[in-house]
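Let me begin by presenting the structure, written as structure tokens, before commenting on it.
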Amino acid sequence: MSKDTGFSITSAERYSLALYELSTESNVTSQIEEQSLSVLKLLEQSQDFSNLIKDPTTSQDDLLKVVNTISEHYKFDQLLKNFLSFLIQKRRFFFVERILKSFIEICSEKRGELKAELRSAKQLSNEEIKQITEELTKNFSSKIKLNYKHDESLIGGLVVQVGSTMVDTSIKSKLQQIENRMIEA
């Protein structure tokens, strides 16, 4: 069996840590983080870009041209442009999504933020999300970086997870509990 999966996780962490250290030395960490989010958003929104990265037949020259075009369009810092080019040359661009996500997590950790997941049955407004974030910040005495997702399968209610702590007030969960009790009886 291939050891690629183990390589990709540890390698992504190493590359992202290297990017963090380089950006910190150059005092451009916040810009690189913002620009990394732009790349991740582009990967999420553009199926063509995502397919291009995952296609093993794409030549390094083609990838470099795409990265240069994106870098110019989004006005990327030279450090990020060089880093992305380096990944292409080392044939690691396939892992760019994992590397950039890891980089963003490192930035959050260094700022002392806790990562939280919020799923709700109904679409929440930005104001509601802000209020929940503030409440979590008070309860956990730490900055919270909230990842929100609308999940219609919950039927009603919320699911909040901060670290290993989970609060599930969803109707789906309550129905599951009732079903489990009926099976046990």
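Under our numbering, the residues of the sequence shown are numbered -10 to 174, in order.
We put the CB at the ideal spot given by N, CA and C, even for glycine.
Between the alpha carbons of residue 73 and residue 171 lies a distance of about 55 Å. A residue is called buried once 16 or more other Cβ atoms fall within 10 Å of its Cβ, and residue 105 is buried on that count.
Distance check between residue 160 and each of 111, 26 and 37 places 111 closest, using alpha-carbon atoms only. The C-beta separation of residue 8 from residue 92 comes to about 5 Å, placing the pair in contact by the 8 Å criterion. Here DSSP, grouped into helix, strand and coil, assigns residue 7 to helix.
For the pair residue 68 and residue 31, the CB atoms are not nearer than the 7 Å cut-off.
Taking the C-beta atoms as reference points, residue 89 is found nearer than 7 Å to residue 28. In this structure, residue 97 keeps its C-beta atom at 7 Å or more from the C-beta atom of residue 138. Residue 133: member of the beta strand (DSSP E) spanning 132 to 139, first to last residue.
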